[in-house]
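Please read the structure below before turning to the comments.
Protein chains: 2
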Amino acid sequence: MAGGSRDPGRSVTSRVLAILGAFDTGHPRLTLTDIARRSGLALSTVHRLVAELEDWQALSRTPDGRFHVGLRLWELGQLAANRLQEVAHPWLQELFADTGENVHLAIRDGLEVLYVDKVYGRRAVPILSRTGSRLPMHPTGVGKALLAAEADWFITSYLSRTLERPTPHTITEPGRLARELRRVHARGYATTHEEMTLGSCSAAAPVVVDGRAVAALGIVVSSHRVRELQRLVDPLMAAAAQISHAYKAEIVRD
Amino acid sequence: MAGGSRDPGRSVTSRVLAILGAFDTGHPRLTLTDIARRSGLALSTVHRLVAELEDWQALSRTPDGRFHVGLRLWELGQLAANRLQEVAHPWLQELFADTGENVHLAIRDGLEVLYVDKVYGRRAVPILSRTGSRLPMHPTGVGKALLAAEADWFITSYLSRTLERPTPHTITEPGRLARELRRVHARGYATTHEEMTLGSCSAAAPVVVDGRAVAALGIVVSSHRVRELQRLVDPLMAAAAQISHAYKAEIVRD
DNA sequence: CCACTCCTTCCATCCAGTGGAAGCGAAGGC
DNA sequence: GCCTTCGCTTCCACTGGATGGAAGGAGTGG
Chain A
1 MAGGSRDPGR SVTSRVLAIL GAFDTGHPRL TLTDIARRSG LALSTVHRLV AELEDWQALS
61 RTPDGRFHVG LRLWELGQLA ANRLQEVAHP WLQELFADTG ENVHLAIRDG LEVLYVDKVY
121 GRRAVPILSR TGSRLPMHPT GVGKALLAAE ADWFITSYLS RTLERPTPHT ITEPGRLARE
181 LRRVHARGYA TTHEEMTLGS CSAAAPVVVD GRAVAALGIV VSSHRVRELQ RLVDPLMAAA
241 AQISHAYKAE IVRD
Chain B
1 MAGGSRDPGR SVTSRVLAIL GAFDTGHPRL TLTDIARRSG LALSTVHRLV AELEDWQALS
61 RTPDGRFHVG LRLWELGQLA ANRLQEVAHP WLQELFADTG ENVHLAIRDG LEVLYVDKVY
121 GRRAVPILSR TGSRLPMHPT GVGKALLAAE ADWFITSYLS RTLERPTPHT ITEPGRLARE
181 LRRVHARGYA TTHEEMTLGS CSAAAPVVVD GRAVAALGIV VSSHRVRELQ RLVDPLMAAA
241 AQISHAYKAE IVRD
């Protein structure tokens, strides 16, 4: 009577991936029961699969018994072919050296921006975005820069949803946001003023290759220094242009 | 007659991991057949599992059809709990800003060093080590710094193997290497002179927490500037000490 | 035209994976 | 001290999903 009743239509691989998928930026450390809940699998199944993943150091456990992504998975992730990041990094570094501000690189993934690289020092403003984290597009500089470069149908579809509103300054009204995006597209860069985080404002420029924005380069400063933001736009756009150039050269070589 | 004869003693999870394990720093892009060969699985099995992994973007394919680690796996890897790297990074950045040289952070994993972070600019010497890559311990600065801090039995065991010899300058003779390690331990830092790569030399200092070297901080310069290396030792050791301090504080907070 | 490599699909066989249930140990309320 | 709750671990009868050999394409080179 016991056991044996599988959930049909799910392969073992999908179960493993469901377990891994239970981890995200907001939930980096989970108990066994958490994983079972978030993955929709039976506790005993999770227990066994997790043990195998732990053997391989795909997952590890904290002293208090919770699980987190392990060293081996990190190592594997480093093999991901991100030519873009490799090519762009030196210019991020240079832009940081020239300005001393937080600099980051993001791509669009679905309806969100995914931060792929970041350069920051000890004195820069602490910001939320880590590499590997996601944020919605409309409240972030890099997001607006990327969104503004998309086709009309994409923008329309993006705006038709209910947009999150992380701060009172976030622009969520479709008409106003659409105008803002047209302006961003015309100027070639985007700015934000406390639209994602109170106390921070930013500027961002798209990295355009063959007419398509493959990434965006962003810079963040604390909001009481908004004035200085304008001064950063030129070096920012110059760096973005350099990255475009270098990346294009890299693609043909491949 | 056909099919059905499984290889017993291997779980599906282990097959998935065998596929992922086929990718490493030396083989970041593989054909389906390569993966089958390297994982020891049947081609048809690999074909199906890889398709599932690709659906999830754990793997992706290049235009020419070869596979590489995908975006989702990279993203997942970023969740790995590397407090050490987070805490240390600002000091790497600062050390780089002060010196303009390649700076990196490595930990010991088994008998190898694993590079976990790196800061470099556009003008620094190109070096092999990427984050996520491994190198043997005895020819690298960070490796010697970490090895010298290990217990005697560990060092003896390390030296008892046949040691790789990437360049003619690599020290592989056990007696000489043992003496070198004692000197490194006494001085508190290691140096190398073209022992891993011709044309590069380095200095490295361990990050010691509670008497254990949890990581090593290294700096690499081109070998025609060996003279300047000595000048870099003080800031290097100061940074390593700062990291130790910050990391210790971080651990107790947890 | 044949030989070779790599990829894809098909399918008969069967055992590894599944999840419910019960047992454990620790923490907390009363 | 007793009882409840919560999370983890182990056990096990049952079965349908996973497996790898074989055959068929597709592309390349001699």
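Quick mapping for you: the protein sequence lines, in order, are chains A and B. Okay, so the first sequence: first residue is 1 according to full-length UniProt numbering, each after it adds one. Okay, so the second sequence: first residue is 1 according to full-length UniProt numbering, each after it adds one. Just so it is clear, CB atoms sit at the ideal spot from N, CA and C, and this is done for glycine as well.
DSSP state of residue i mapped onto helix, strand, coil
i, result
"Y120 of chain A", "coil"
"D24 of chain B", "strand"
"T13 of chain A", "helix"
"S133 of chain B", "coil"
"residue 257 of chain A", "The requested residue 257 of chain A does not occur in the structure, where chain A is confined to residues 1 to 254."
"T33 of chain A", "helix"
"S39 of chain B", "helix"
"G218 of chain B", "strand"
"D64 of chain A", "coil"
"residue 266 of chain A", "No information on residue 266 of chain A is available, as it lies outside the stretch 1 to 254 that chain A covers here."
"Q78 of chain A", "coil"
"R165 of chain B", "coil"
"E180 of chain A", "helix"
"H245 of chain B", "helix"
"E173 of chain A", "coil"
"D234 of chain A", "helix"
"I251 of chain A", "helix"
"H224 of chain B", "helix"
Proximal residues of chain A, C-beta to C-beta of residue i below 8 Å
i, result
"D109 of chain B", "L71"
"R122 of chain B", "P90, W91, Q93, E94"
"F23 of chain B", "L76, L79"
"P28 of chain B", "L79, A81"
Contact list for residue i against chain B, beta-carbon separation under 9 Å
i, result
"P166 of chain A", "The contacting residues do not exist; P166 of chain A stays about 21 Å from chain B at best."
"G132 of chain A", "W74, E75, L76, G77, Q78, L79"
"L114 of chain A", "L71, E75"
Per DSSP, the bridge partner or partners of residue i
i, result
"Y115 of chain B", "B:A106"
"G199 of chain B", "None; G199 of chain B has no bridge partner."
"L59 of chain B", "B:V69"
"T192 of chain A", "A:S202"
"V207 of chain B", "B:A215"
Where the alpha helix (DSSP H) containing residue i begins and where it ends
i, result
"H89 of chain A", "83-99"
"residue 293 of chain B", "In the structure as shown, chain B begins at 1 and stops at 254. Residue 293 of chain B is therefore absent and cannot be evaluated."
"S157 of chain B", "152-159"
"S145 of chain A", "Here the sequence assigns Ala to residue 145 of chain A, which means Ser is not the residue at that position. Run containing A145 of chain A: 141-148, per the alpha helix (DSSP H) assignment."
Closer than 7 Å at the beta carbon, the chain A residues around residue i
i, result
"S129 of chain B", "The premise fails here: S129 of chain B is roughly 12 Å from chain A at the closest Cβ pair, so nothing lies under 7 Å."
"H104 of chain B", "Chain A residues near H104 of chain B: none, gap ~13 Å exceeds 7 Å."
Chain-ordered neighbours of residue i on chain A, where CB pairs are closer than 9 Å
i, result
"S11 of chain B", "V12, R48, L49, E52"
"W56 of chain B", "T13, S14, L17, L20, G21"
"H68 of chain B", "L79, A80, A81"
Contacts that residue i makes with chain B (C-beta to C-beta distance below 8 Å)
i, result
"A97 of chain A", "A97, G121"
**Asked** Taking contact to mean at least 3 C-beta pairs separated by less than 8 Å, is the segment 221-232 of chain B in contact with the segment 146-157 of chain B?
**Response** no
**Request:** Would you check if there are 3 or more beta carbon pairs closer than 8 Å linking the segment 63-80 of chain B to the segment 74-88 of chain A?
**Result:** yes
**Item:** Given 8 Å, three or more beta-carbon pairs between the segment 45-53 of chain B and the segment 41-55 of chain A
**Value:** no
**Asked** Counting Cβ pairs closer than 8 Å, one from the segment 98-106 of chain A and one from the segment 59-68 of chain A, do we hit at least three?
**Response** no
**Request:** Please confirm if the segment 172-184 of chain B is in contact with the segment 117-137 of chain B, defined as three or more CB-CB distances below 8 Å between the two stretches.
**Result:** no
**Message:** Taking contact to mean 3 or more Cβ pairs, one atom from each stretch, closer than 8 Å, check whether the segment 156-167 of chain B and the segment 205-224 of chain B are in contact.
**Reply:** no
**Cβ contact check for the segment 30-42 of chain B and the segment 80-92 of chain A: 3 or more pairs under 8 Å** = no
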